[in-house]
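Below is one structure, written out as structure tokens; comments come after it.
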Amino acid sequence: MDNDTATHRLAAVLVLDVAGYSRLMEADENRTHQELKRHRAELIDPLISGFRARIVKNTGDGLLAEFGSAIDAVTCALAIQRGMMSRRNGSGADGIVFRAAVNVSDIIVEEDDIFGDGVNVTARLEALAEPGGICLSQATFEQVRDRILARFTDMGEHRLKNIARPVRIYGLSPADIAALPEDLVAVPRLRSVPVPRAARDVRHSSVAVLPFVSLGHDADQEYFADGIVEGIVSALSLFRNLFVIAHDTALSYRSRDIDLTRVAADLGVRFLVTGSLQRSEGRVRISARLADTETGGTLWADRFDEHISDIFALQDTITERIVTAIEPRIVFSEIERARRKPTENLDAYDLYLRALALRLALSAAANEQALALLKRALALDPNYAPALAHAAACYAAKKDQGWGILSPQEVAEGLRLAWAAIEADINDPVALCLSGHAISAFTGDFEAGAAWIDRSVKLNPNYAEGWMRSSMLRVYLNDLEKAHEFADRAMALSPLDPKIYHPLCAKGFAYFFAGRYADAARVARQALLGRQKPEMAFRILIASLAGQGAMDLAKKTTEEFLSRYPNFRISEWRSRSKFSADRRFDAMEAMLRNVGVPD
């Protein structure tokens with residue numbers, strides 16, 4: 001195995017296999033082969049794609065698939081088995097019946113395959129499942145037991161072939177699956193519906209990207225348009241808050257005269273991305289639009305007119321610009337929807353969305369309200385990774401912003417929430433990013449925090465806040481070159497982000513520590529142009545003005561600063577924050593004191 005291409009990650013592995021396949025093939029080889037192909041094409045493959053999973057290997061009579069979450073893998077297995085019951089429609093013992101198994105484990109990943117002890121365990125579990133049933137390892141069961149209300153049977157510990165340790169197994173029989181309520185496991189009634197709404201995690205906004213209309217008659221132009229759409233689908237799928245319909249499913253709606261409302265209903269989504277493309281004389285013009293099918297409104301629209309030199313680089317550029325414009329519009333639209341809902345009807349996702357809006361306010365009162373909402377969300381869903389991470393970030397913000405003195409119990413709770421978020425979903429960029437920041441804020445271990453944030457942007461290179469937070473930690477790690485690089489990356493991805501003061505302040509600190517006071521003052525002013533007026537931007541600006549010798553302007557800015565932050569004290573700022581323990585801040589402290597900032 002090539003160590004340069006192999007990586008490790010935690011994943012949920014699904015194995016699906018036809019029960020009695022040899023007998024079926026012996027009885028009627030052609031019929032069995034054709035039926036298996038039809039079930040795969042019409043039910044199984046669209047379901048797996050709809051859960052943003054990938055089929056790693058086809059085994060002739062089954063498959064091996066990798067999922068990012070145990071919930072997704074088990075829900076998908078339930079939907080497959082329930083769907084197969086409907087499709088057999090009383091055909092009896094001669095119909096195709098699958099055994100299914102799911103196991104969560106660390107796996108070795110290569111481009112075209114996965115390996116490891118966990119994969120072998122899953123294959124052994126599948127053989128122990130009833131035909132039409134599902135078998136889970138204990139690790140999987142512990143993750144889904146309180147979130148999928150199915151009656152799994154404890155089958156005890158089993159010794160599996162070539163597996164050293166005994167494995168406790170939990171099973172679900174076909175009768176148990178048949179008895180599940182329709183709203184827990186629904187199956188698609190149309191081939192175009194990859195995953196029913198009832199089978200999805202309700203904490204996702206649903207979106208489909210329809211084929212872009214080619215305004216020319218060149219076949220190559222249509223391939224180019226499909227490449228753009230496929231790139232958008234792949235990039236949007238990296239945002240764990242979005243449920244994105246598979247590209248192959250959306251291709252069935254290639255038409256200029258489709259009814260968007262009907263398409264949204266067929267696919268079970270709220271948001272649709274549509275567009276058109278035209279190439280002419282070395283240029284390409286692309287128009288794109290994001291529609292909210294519940295309100296009928298357009299949330300975003302733009303046009304891109306570019307030269308074609310490197311066609312693949314152009315596809316990547318257009319994809320990045322469209323994706324980073326679409327995702328925040330969907331989130332803000334969902335926040336507005338949650339705000340309109342009656343308070344008695346709020347679920348964990350609605351409470352989480354309301355908390356997100358409050359966190360943007362950057363005030364002590366809003367931070368407390370956000371934390372209260374997140375605690376309510378976690379009472380409903382204790383393993384909701386982004387909610388855990390944002391709750392940890394609320395405690396960290398209270399400490400960093402000087403909104404109160406944290407008790408030892410609050411510090412411990414903040415750290416507990418951060419680590420719980422990582423444990424709940426080690427592949428969620430939001431959870432990793434905010435938890436990494438909180439861990440740094442509470443412990444001063446900037447390298448550990450940076451490692452988690454770096455993982456967040458490796459998982460999703462279009463995640464702007466990950467680059468924002470990473471740029472600030474690079475300041476504290478004294479890697480000023482990367483602080484600038486990551487800050488610029490964040491601002492290019494999300495130039496209108498309300499949190500853009502983060503990368504601007506990171507650049508301000510980097511300029512300040514390099515003695516480039518004019519540049520530091522310039523970006524600090526930019527950071528203060530938004531609705532938020534962050535304390536750190538004032539500190540950078542005042543100290544940088546003093547560093548340039550502009551004492552009168554520094555004193556005038558100090559007056560504005562103290563009118564907004566009347567309780568600010570230099571000594572309190574230095575003592576409360578792990579980030580300011582660096583002796584490089586001594587120069588900033590002296591400059592602040594010289595222009596009248598209280599000690």
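Just so you know, the sequence shown maps onto residues 1 to 599 in full-length UniProt numbering. Even for Gly, the Cβ is constructed at its ideal location relative to N, Cα and C. Just so we're clear, the structure is a prediction, and the values are computed from it rather than from any experiment.
query                                                                                                                                                                                    : result
Skipping 5 residues on each side, what residues in its chain have a beta carbon closer than 6 Å to that of Ala-385?                                                                      : Ala-421, Ala-424, Asp-425, Asp-428 and Ala-431
Thinking Arg-474 and Ala-483 are a contact (beta carbons under 8 Å), I'd like their distance in whole angstroms, please.                                                                 : 4 Å
Helix, strand or coil for Gln-278, going by three-state DSSP, please let me know.                                                                                                        : strand
Using CA coordinates, which residue listed in Ala-348, Ala-393 and Arg-240 is at the minimum distance from Arg-376?                                                                      : Ala-348
Report the residue ranges of all beta strand (DSSP E) runs contained in full by the segment 100-158; include only those spanning at least 3 residues, in chain order.                    : 134-137 and 153-158
Please confirm if the segment 314-328 is in contact with the segment 353-369, defined as three or more CB-CB distances below 8 Å between the two stretches.                              : no
Relative to the alpha-carbon of Ser-456, which residue among Thr-443, Phe-442, Ser-435 and Gly-444 has its alpha-carbon at the smallest distance?                                        : Ser-435
Please work out which residues of its chain come closer than 6 Å, Cβ to Cβ, to Arg-197, disregarding the five sequence neighbours upstream and downstream, and give them in chain order. : Note that Arg-197 has pLDDT 44, beneath the 50 cutoff, so the model's placement of it is unreliable and the number below is only indicative. Gly-268, listed in sequence order.
Look at the Cβ atom of Phe-224, then the Cβ atom of Arg-279, and state whether they are nearer than 8 Å.                                                                                 : yes
Can at least three beta-carbon pairs, one atom from the segment 503-512 and one from the segment 521-530, be found at a separation below 8 Å?                                            : yes
Please classify Pro-534: is it buried, with 16 or more other beta-carbons within 10 angstroms of its beta-carbon, or exposed?                                                            : buried
Pairs of beta-carbons, one from the segment 583-592 and one from the segment 443-456, closer than 8 Å: are there three or more?                                                          : no
What span of residues does the alpha helix (DSSP H) with residue 601 cover, start to end?                                                                                                : Only positions 1 to 599 of the chain appear in the structure, and residue 601 is not among them; the question remains open.
For Glu-35, I'd like the list of residues in its chain whose CB is within less than 7 Å of its CB, leaving aside the five on either flank, ordered along the chain.                      : Ile-96
Apply the 10 Å Cβ neighbour rule to Phe-51 and answer buried if 16 or more other Cβ atoms are within range, or exposed otherwise.                                                        : buried
Out of Leu-380, Thr-274, Ile-245 and Arg-564, which one is the CA nearest neighbour of Ile-258?                                                                                          : Thr-274
Could you pull out every residue in the same chain whose Cβ sits closer than 8 Å to the Cβ of Arg-283, ignoring the five residues on either side in sequence?                            : Asp-305, Glu-306, His-307 and Ile-308
Per DSSP, which one or two residues make a beta bridge with Asp-17?                                                                                                                      : Gly-62 and Arg-99
Use the C-beta contact count for Ile-71: other C-beta atoms within 10 angstroms, 16 or more gives buried, fewer gives exposed.                                                           : buried
Around the Cβ of Ile-311, are there at least 16 other Cβ atoms within 10 angstroms (buried) or fewer (exposed)?                                                                          : exposed
Using C-beta distances below 7 Å, list every residue in its chain close to Glu-66, excluding the 5 sequence neighbours before and after it, in chain order.                              : Ala-11, Val-13, Ala-53, Arg-54, Val-56 and Ile-114
Just the C-alpha distance for Gly-402 and Arg-270, rounded to the nearest angstrom, thanks.                                                                                              : 40 Å
With C-beta atoms as the reference, is Ser-471 less than 8 Å away from Ala-490?                                                                                                          : yes
Does the contact criterion of 3 or more C-beta pairs under 8 Å hold for the segment 17-25 versus the segment 73-82?                                                                      : no
Give me whichever residues DSSP pairs with Leu-297 in a beta bridge.                                                                                                                     : In the sequence as presented, Leu is not what sits at residue 297; that position holds Gly. Paired residue(s): Asp-292.
Taking only three categories from DSSP, how would you classify Leu-356?                                                                                                                  : helix
Would you decide whether Lys-37 is buried or exposed? Buried here means 16 or more other CB atoms lie within 10 Å of its CB.                                                             : exposed
For Leu-493 and Phe-513, what's the separation of their Cα atoms in angstroms?                                                                                                           : 26 Å
Is Val-331 helix, strand or coil by DSSP?                                                                                                                                                : helix
Is the separation between the beta-carbon of Val-102 and that of Ala-127 shorter than 8 Å?                                                                                               : no
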